[in-house]
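In my numbering, the protein residues as written are 342 to 950.
By construction, the Cβ of each residue, glycine as well, lies at the ideal position given by its N, Cα and C atoms.
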């Protein structure tokens, strides 16, 4: 090749080694027949039996003007098409310099290939004259994925980096650039080489896990049984036993800020969510609008080849834009979700939520077969249905699911059978219950053995000062909440069971967070029969509540369709044991610390400590 001759780098990936070897030999024959001018050709392969090897033309073809040996090192470091798995270790390639003519392969390179190149796959790197591109690409016809880069003044390294970038894109900057054309366009189709690999679609990294993010609403540190609570949470325990438990996971003391921080990885004020979405404010950090400079987690995953689905409570769209006129830049799809189903507001009745799907409001669903509609069940059904639809189209594409329950936010809606499971379990009252939970937490190792139990604030009455009617009312409030919580965990279990039945569980990374803030104290010191009272600052005394409750099924009917209850704030305080206070109280850990468990069966070993 003369100095005026333009040169190119051609990279070709193969999922079949025999085809790669055939193309490699064919290209070499063209060189010998003087139909293609080259400065070297490399074939790197990883046999199905685990053996890695590199074949090369070396100097015996009489060409080395472009620094061929250095090219091999770059090949190893840069060429990593998604269909061939992750990048081959670049440092190992440096050992090949000066050894190509003798066809010696450093063991470090072999080890790198064996570790990083998918078994049964191969890579060809060819340095050829630009005028010979058509002939060279035709010789590599068996490759489904090719990339071409011209060698200019920047030299060989830059050309290989450019060519390899098509297959191993820079994922640190989004969106990922469109793939360059790696074929040849001639005057006729017969004089052209197609490049099917350039058709745009993001592909996730090899073996990328599915991600399930479960967020419970208005729960507390002492809720799950594995954290000392009396609430049965077998699914939470199951995930914990599969992986890791965190007893120092911090949240914000309000719904919207926690959700915004969780889905962006940034401080809530940096993304405009210093308060709840219903109250955007005229100061930085409080606009309830995610700035355009911030890309949310679902969008990042979406741009990297994931399919993304959001289900359940959203609470990051201001009320005044929750309609057909939008704007929709603060709705779930604008955050990077391909599909969304749930409710946009901060709370909803479990029997009568206003459902939004994608960018449309569907309204209030109706029950089927004469049964009451129940949001937690429908939420889980929709989430399972979506994963089935994803897998019906693509058996390998990784998915991200944000499963955000409306539970256990008030109103505490649950069928009587769930509440009745806790009959008499809380008759001892909140003071004794806190002591029992505290003792279990020490025994379980959730808290240090020298931890001291915080005092009950004077705002809450001592249980022993209550009369019998008050005790019955308050105990039933907690029974309803406990049943509501157990039902929520049961539905999470249904979802995880479905993932396991589809064969996806082993490579699914699960984050199960028991609360977006501490348990809620918004029910006032007496609790509430109907949430509209406490939302409007009306405190109903126990006698008033009991009279209303008797009109709608009595205490046994609490939690049913004719009530919208919340429990007394002293119960919230107990559910945040050993900490003080709860939701809205950012000054104390009762509002800002919740349990989290994480599992990834394929990668994370269970922590038995």
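Which word fits residue i, buried or exposed, when buried means at least 16 other C-beta atoms lie within 10 angstroms of its C-beta?
i           : result
residue 780 : exposed
residue 928 : exposed
residue 788 : buried
residue 833 : buried
residue 346 : exposed
residue 931 : buried
residue 884 : exposed
residue 613 : buried
residue 656 : buried
residue 541 : exposed
residue 947 : exposed
residue 354 : buried
residue 654 : buried
residue 701 : exposed
residue 598 : buried
residue 537 : exposed
residue 661 : exposed
residue 409 : For residue 409, the pLDDT reaches just 35, beneath the cut-off of 50, and the residue's location in the model is therefore unreliable, leaving the point undetermined.
residue 673 : buried
residue 624 : exposed
residue 761 : exposed
residue 396 : buried
residue 808 : exposed
residue 705 : exposed
Please report the distance separating the alpha-carbon of residue i from that of residue j.
i           : j           : result
residue 698 : residue 492 : 50 Å
residue 670 : residue 630 : 8 Å
residue 481 : residue 637 : 41 Å
residue 848 : residue 942 : 7 Å
residue 925 : residue 861 : 8 Å
residue 620 : residue 659 : 7 Å
residue 892 : residue 815 : 18 Å
residue 851 : residue 743 : 10 Å
residue 548 : residue 740 : 12 Å
residue 626 : residue 600 : 15 Å
residue 751 : residue 688 : 7 Å
residue 422 : residue 846 : Unreliable positioning characterises residue 422 in this predicted model, as indicated by a pLDDT of 32, which lies under 50. A coordinate reading is not provided.
residue 363 : residue 581 : 51 Å
residue 525 : residue 489 : 10 Å
residue 651 : residue 615 : 22 Å
residue 707 : residue 667 : 26 Å
residue 899 : residue 766 : 16 Å
residue 724 : residue 588 : 28 Å
residue 887 : residue 879 : 15 Å
residue 568 : residue 609 : 27 Å
residue 679 : residue 729 : 15 Å
residue 912 : residue 640 : 39 Å
residue 365 : residue 475 : 15 Å
residue 873 : residue 733 : 44 Å
residue 917 : residue 937 : 14 Å
residue 417 : residue 727 : Below a pLDDT of 50, predicted positions are generally treated as unreliable, and residue 417, at 37, falls in that range; no measurement from the model is reported.
residue 895 : residue 628 : 44 Å
residue 822 : residue 764 : 12 Å
Going by DSSP, what residues sit across from residue i in a beta bridge?
i           : result
residue 587 : 937
residue 893 : Answer is none; residue 893 lacks a bridge partner.
residue 350 : 468, 490
residue 381 : 468
residue 698 : 682, 701
residue 553 : 742, 851
residue 477 : Paired residue(s): none; residue 477 is not in a bridge.
residue 572 : 565
residue 651 : 681, 743
residue 386 : 394, 463
residue 869 : 907
residue 534 : 525
residue 355 : 463
Using a C-beta cutoff of 9 Å, does residue i count as contacting chain C?
i           : result
residue 715 : Here there is only one protein chain, and chain C is not present.
- Three or more C-beta pairs closer than 8 Å, one from the segment 849 to 865 and one from the segment 544 to 561: is that the case here? As far as the Cβ criterion goes, the segment 849 to 865 touches the segment 544 to 561, which means the pair count is three or higher.
- Item | Contact between the segment 903 to 914 and the segment 538 to 556 (3+ Cβ pairs under 8 Å) | These segments do not touch.
- Task: Say whether the segment 701 to 713 touches the segment 866 to 876, bearing in mind that this needs 3 or more beta-carbon pairs closer than 8 Å, one atom from each stretch.
- Result: The answer is no - the segment 866 to 876 does not touch the segment 701 to 713, with fewer than three Cβ pairs under 8 Å.
- Query: Would you say the segment 508 to 524 touches the segment 562 to 580, given that touching needs at least three Cβ pairs under 8 Å?
  - Reply: As far as the Cβ criterion goes, the segment 508 to 524 does not touch the segment 562 to 580, which means the pair count is below three.
- Query: Can we say the segment 514 to 532 touches the segment 717 to 730, given the rule of at least three CB pairs closer than 8 Å?
  - Reply: Fewer than three beta-carbon pairs drawn from the segment 514 to 532 and the segment 717 to 730 are found closer than 8 Å, and the two stretches are therefore not classed as touching.
- If we count Cβ pairs, one from each stretch, closer than 8 Å, do we get three or more for the segment 755 to 764 versus the segment 782 to 802? As far as the Cβ criterion goes, the segment 755 to 764 does not touch the segment 782 to 802, which means the pair count is below three.
- Message: Taking contact to mean 3 or more Cβ pairs, one atom from each stretch, closer than 8 Å, check whether the segment 675 to 692 and the segment 744 to 752 are in contact.
- Response: Between the segment 675 to 692 and the segment 744 to 752, the count of Cβ pairs shorter than 8 Å is three or higher; the stretches touch.
- In chain order, each alpha helix (DSSP H) run of at least 4 residues that lies wholly inside the segment 755 to 789: Fully enclosed alpha helix (DSSP H) runs of no fewer than 4 residues occupy 757 to 760, 770 to 785 of the segment 755 to 789, in order along the chain.
- Sufficient close CB pairs (3 or more, under 8 Å) joining the segment 463 to 475 to the segment 369 to 385: Enough Cβ pairs lie closer than 8 Å, so yes.
- Are there three or more Cβ pairs, one per stretch, closer than 8 Å when the segment 820 to 835 is compared with the segment 803 to 811? Cβ pair count under 8 Å is below three, so no.
- Task: Go through the segment 819 to 864 residue by residue and report every complete run of the beta strand (DSSP E) that reaches 3 residues or more, in order.
- Result: As summarised for the segment 819 to 864, the continuous beta strand (DSSP E) elements at least 3 residues long and confined to that stretch are 849 to 854, given in chain order.
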